[in-house]
Amino acid sequence: MTISLWGLVIFILWTIAIVTLLLVVRIRHLAQGGSVKDFATPNDESLLWRLYRSQANLVENLPLYLGVVFLLTSREVFGTAIDILIVTYMGFRILHSIIHIARLNPNFRVLCLSIQFICLIALTTLAIL
């Protein structure tokens, strides 16, 4: 398997891990008498909300990465530059989630997102040239 496809595997497994954590927190919230209405109530103080947004962000970004992997794989574009960009993308994708869930400085989240988009643009460019 290529690094691009391994990146896809990691992306999927990371999304599953975040969804699992979200389910655990939701079940605990309900068991403690919380309301279902709290699930989508914007509140950066709430772990429930941060997990929800982190999961949603992963789902929003998966099609972009999947599209890039499709282009790279179907065009048989491989190499060290591709591998470095994939590893960088995945590292900052995971870091983005961790920063969001841990409620760290949102400027770091924006930086992570910017690096991810630069990687996606570079990968797309390399795939179509």
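Each residue of the sequence shown is one higher than the last, beginning at 511 in my numbering. From the three backbone atoms N, C-alpha and C, an ideal C-beta is built for every residue, glycine too.
Residue i, DSSP secondary structure in three states
{"i": "Asn615", "result": "coil"}
{"i": "Arg585", "result": "coil"}
{"i": "Asp593", "result": "helix"}
{"i": "Asp554", "result": "coil"}
Between the CA atoms of residue j and residue i - distance to the nearest angstrom
{"i": "Phe521", "j": "Leu639", "result": "25 Å"}
{"i": "Met600", "j": "Lys547", "result": "33 Å"}
{"i": "Ala632", "j": "Val569", "result": "21 Å"}
{"i": "Gly544", "j": "Leu623", "result": "32 Å"}
{"i": "Leu523", "j": "Ile611", "result": "17 Å"}
{"i": "Asn615", "j": "Leu557", "result": "15 Å"}
{"i": "Ile537", "j": "Ser607", "result": "21 Å"}
{"i": "Ala550", "j": "Leu576", "result": "27 Å"}
{"i": "Ser584", "j": "Phe627", "result": "21 Å"}
{"i": "Val578", "j": "Val519", "result": "14 Å"}
For residue i, the nearest candidate out of the options (CA to CA)
{"i": "Trp559", "options": "Leu540, Arg538, Ile537 and Leu532", "result": "Leu532"}
{"i": "Leu605", "options": "Asp554, Gly544 and Val620", "result": "Val620"}
{"i": "Val597", "options": "Ile625, Pro552, Thr635 and Tyr562", "result": "Ile625"}
{"i": "Arg603", "options": "Ile592, Leu581 and Leu574", "result": "Leu574"}
Residue i, buried or exposed, once every other Cβ within 10 Å from all chains shown has been counted against 16
{"i": "Ile594", "result": "exposed"}
{"i": "Gly517", "result": "buried"}
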